[in-house]
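Worksheet: one structure, shown below.
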Amino acid sequence: MPYAHITGWGMYVPELVLTNEDLSKIVDTNDEWIRERTGIRERHIARENEYPSTLAVRAGLKALDIANLRPTELDLIICATSTPEYLLPSTASIIQDQIGATKAGAFDLLAACTGFIYGLNMGAQFIRSGSLKNIMVIGTETLSRFINWKDRTTCILFGDGAGAFVLQASDEPGGVVSAVMHSDGSGANLLTLPVGSRFPATEESVRNNKHFIEMDGKEVFRFATRVMVQATNEALKAAGWTLEDVQWVIPHQANLRIIDSAARGLKLPLERFIINIDRYGNTSTASIPMAAVEAVENGSIKPGDKIVLVGFGGGLTWGALTAEWTGPLPDRRPVHPQRYRTLARVRSIFRRLLRFIEGIFFRREL
65 MPYAHITGWG
75 MYVPELVLTN
85 EDLSKIVDTN
95 DEWIRERTGI
105 RERHIARENE
115 YPSTLAVRAG
125 LKALDIANLR
135 PTELDLIICA
145 TSTPEYLLPS
155 TASIIQDQIG
165 ATKAGAFDLL
175 AACTGFIYGL
185 NMGAQFIRSG
195 SLKNIMVIGT
205 ETLSRFINWK
215 DRTTCILFGD
225 GAGAFVLQAS
235 DEPGGVVSAV
245 MHSDGSGANL
255 LTLPVGSRFP
265 ATEESVRNNK
275 HFIEMDGKEV
285 FRFATRVMVQ
295 ATNEALKAAG
305 WTLEDVQWVI
315 PHQANLRIID
325 SAARGLKLPL
335 ERFIINIDRY
345 GNTSTASIPM
355 AAVEAVENGS
365 IKPGDKIVLV
375 GFGGGLTWGA
385 LTAEWTGPLP
395 DRRPVHPQRY
405 RTLARVRSIF
415 RRLLRFIEGI
425 FFRREL
């Protein structure tokens with residue numbers, strides 16, 4: 065049975081930074097109040113011409129570059145997002161076209177902030193089954209589009225960004241070891257983004273701010289601090305590991321107080337947790353891969369390290385995944401996926417032109 069190794073990683077955040085001081089000019093808040101309650105100093109916000117796919121493509125190409133893979137070698141793209149660009153087509157299909165992964169299947173996955181763990185586990189299972197070899201898993205969000213900037217309980221929390229992993233099959237032991245996934249729909253009302261067929265947008269609903277993120281902060285906090293510990297212990301047991309075996313825990317970056325509470329529940333020092341919420345806020349599905357990417361790039365995570373990814377989100381959902389970090393697979397000649405983006409654009413334009421021409425002839429035949 066092949067092993068699913070994490071061989072490539074990348075992240076991207078928009079250039080526009082919104083600090084706590086900036087927010088204090090919009091709503092009744094201040095830097096001290098926000099940092100004391102969340103640990104957040106600033107967050108990145110997408111501009112009008114930046115979308116989940118825009119951020120994801122940049123993160124994905126970086127991951128391919130590290131993995132030494134051409135886009136055409138990808139078998140599948142899994143995009144975990146809570147802020148898709150459309151109900152259809154999937155954001156994953158847009159990403160697939162823009163990076164030139166012409167041989168890859170693509171689909172979106174919605175499990176809120178736990179989505180990246182769900183997606184990584186799903187990708188690993190495809191590889192373990194022997195059906196696929198090269199898979200990209202992306203978490204990408206533009207949560208700023210769904211924030212009520214008059215609500216200081218939510219607008220201070222969220223940021224935009226994307227993170228991507230490449231999974232590759234190998235006969236060498238390592239990579240993803242175990243995962244657990246859970247859901248409790250009885251808590252669906254605690255964290256919602258009411259946009260969809262049940263709550264279609266109308267002039268009145270938009271005027272009354274009915275399509276923004278809504279959250280019961282106290283209940284979510286209680287839920288999160290409990291399940292973070294539970295899921296971590298379950299994933300460790302499934303892997304046959306103990307906390308002493310683990311070098312790093314990479315949590316969903318929702319709130320520093322939640323992470324601190326989970327650390328105390330696990331009886332681990334906070335220094336064993338990868339934390340970057342202060343600079344990015346809560347980026348939902350992107351938060352775990354973004355934290356992992358920074359930890360690899362600054363030398364904290366090294367080949368051979370055992371790590372735990374753990375998260376929670378709306379749904380309610382929660383889960384954890386264990387992995388042995390291995391890095392790029394050896395014995396591959398270097399490729400440069402960034403060069404393929406121009407080719408991907410040309411191919412995309414050509415395919416659209418071809419469909420346009422075919423449509424003209426089809427109408428004539430009718």
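Sequential numbering of the sequence shown, starting at 65, is according to my numbering.
Built from N, CA and C at the ideal position, the CB exists for glycine as well.
As the structure is a prediction and not an experimental result, all values here were calculated from the model.
Checklist entry - For residue 177, does the three-state DSSP call read helix, strand or coil? => result Numbered from its first residue, the sequence shown carries residue 177 at position 113. It is helical.
Next on the checklist: Does residue 236 come out as helix, strand or coil in the three-state DSSP assignment?
Outcome noted: Here residue 236 corresponds to residue number 172 of the sequence shown, with the count starting at 1. In the displayed model, residue 236 falls within coil according to three-state DSSP, outside both helix and strand.
Checklist entry - What residue ranges within the region 92-175 form continuous beta strand (DSSP E) runs of no fewer than 3 residues, ordered along the chain? => result If only complete runs of 3 or more residues are kept, the region 92-175 shows the beta strand (DSSP E) at 106-108, 140-144 and 169-173, in order along the chain.
Next on the checklist: Just list the residues that DSSP pairs residue 382 with in beta bridges.
Outcome noted: For this step, residue 382 is matched to residue 318 along the sequence shown. Within the DSSP secondary-structure output, residue 382 pairs in a beta bridge with 246 and 376.
Item to check | Per-residue DSSP class, three states only, for residue 204 | outcome: Counting from one through the sequence shown, the residue named residue 204 turns up at place 140. In the structure shown, residue 204 falls within a strand segment according to DSSP collapsed to helix, strand and coil.
Item to check | Buried/exposed call for residue 224, threshold 16 Cβ in 10 Å | outcome: Taking the sequence shown and counting its residues from 1, one reaches residue 224 at position 160. Buried, by the Cβ-count rule.
Item to check | Simplified DSSP assignment, three categories, for residue 353 | outcome: For the purposes of this step, residue 353 is identified with residue 289 of the sequence shown, where counting begins at 1. Helix, per DSSP.
Checklist entry - Got a sec, what are the start and stop residues for the alpha helix (DSSP H) residue 306 sits in? => result Start at 1 with the first residue of the sequence shown, and residue 306 comes out as number 242. Premise fails: residue 306 is in no alpha helix (DSSP H) and is neither H nor E.
Next on the checklist: Please identify the residue among 146, 94, 191 and 384 whose C-alpha is closest to the C-alpha of residue 115.
Outcome noted: Counting from 1 along the sequence shown, the entry for residue 115 is found at position 51. Checking every option, the nearest Cα to that of residue 115 belongs to 146.
Item to check | For residue 266, three-class secondary structure by DSSP | outcome: Taking the first residue of the sequence shown as position 1, residue 266 is located at position 202. Correct three-state label for residue 266: coil.
Item to check | C-beta contact flag for residue 387 and residue 70 at 8 Å | outcome: If you number the sequence shown from 1, residue 387 lands on position 323. If you number the sequence shown from 1, residue 70 lands on position 6. It is a contact, given that the beta carbons lie within the stated cut-off.
Item to check | Local conformation of residue 370 per DSSP, three classes | outcome: Residue numbering aside, residue 370 sits at position 306 when the sequence shown is read from its first letter. Under the three-state reduction of DSSP output, residue 370 falls in the strand class.
Next on the checklist: Excluding the 5 residues flanking residue 391 on each side, which residues of the same chain have their C-beta closer than 6 Å to its C-beta?
Outcome noted: The sequence position of residue 391 within the sequence shown is 327, counting from 1. Around residue 391: 367.
Checklist entry - Who are the near neighbours of residue 276 in its chain, counting only those whose CB is closer than 8 Å to its CB and skipping five residues on each side? => result Walking along the sequence shown from the start, residue 276 turns up at place 212. Excluding positions up to five away in sequence, the list reads 210, 211, 212, 215, 218 and 257.
Next on the checklist: So, does the region 73-93 touch the region 120-140, judging by three or more C-beta pairs under 8 Å?
Outcome noted: Output reads yes: the region 120-140 touches the region 73-93.
Next on the checklist: Checking 8 Å against the spacing of the C-beta atoms, do residue 270 and residue 228 come in under that value?
Outcome noted: Against the sequence shown, residue 270 aligns to sequence position 206. Against the sequence shown, residue 228 aligns to sequence position 164. Contact: no.
Item to check | Residue closest to residue 380, alpha-carbon to alpha-carbon, out of 313, 97, 351 and 251 | outcome: Walking along the sequence shown from the start, residue 380 turns up at place 316. Looking at the Cα atoms, 251 is the closest of the given residues.
Checklist entry - If you follow the beta strand (DSSP E) that residue 82 is part of, which residue opens it and which one closes it? => result Position 18 of the sequence shown, counted from the start, is the residue given in the question as residue 82. Note, residue 82: beta strand (DSSP E), 81-83.
Checklist entry - Buried or exposed: which applies to residue 194, given that a residue is buried once 16 or more other Cβ atoms fall within 10 Å of its Cβ? => result The residue you call residue 194 lines up with position 130 of the sequence shown. So residue 194 ends up on the exposed side.
Checklist entry - Could you give the uninterrupted runs of the beta strand (DSSP E) lying entirely in the region 312-356, keeping only those of 3 residues or more? => result For the region 312-356, whole beta strand (DSSP E) runs of length 3 or above, ordered along the chain, are 312-315.
Checklist entry - Which value, in whole angstroms, describes the spacing of the CA atoms of residue 108 and residue 85? => result Your numbering for residue 108 matches position 44 in the sequence shown. Your numbering for residue 85 matches position 21 in the sequence shown. Looking at the two C-alpha atoms, the distance is approximately 14 Å.
Next on the checklist: Please return the same chain residues whose Cβ sits closer than 7 Å to the Cβ of residue 444, not counting the five positions on each side in sequence.
Outcome noted: Since the displayed the chain opens at 65 and closes at 430, residue 444 lies outside it and no answer follows.
Checklist entry - What does a CB cutoff of less than 6 Å around residue 196 pick up in its chain, not counting 5 residues either side in sequence? => result Counting from one through the sequence shown, the residue named residue 196 turns up at place 132. Its chain contains 139, 140 and 190 as the residues whose beta carbon lies nearer than 6 Å to that of residue 196, once the 5 sequence neighbours on both sides are disregarded; these appear in chain order.
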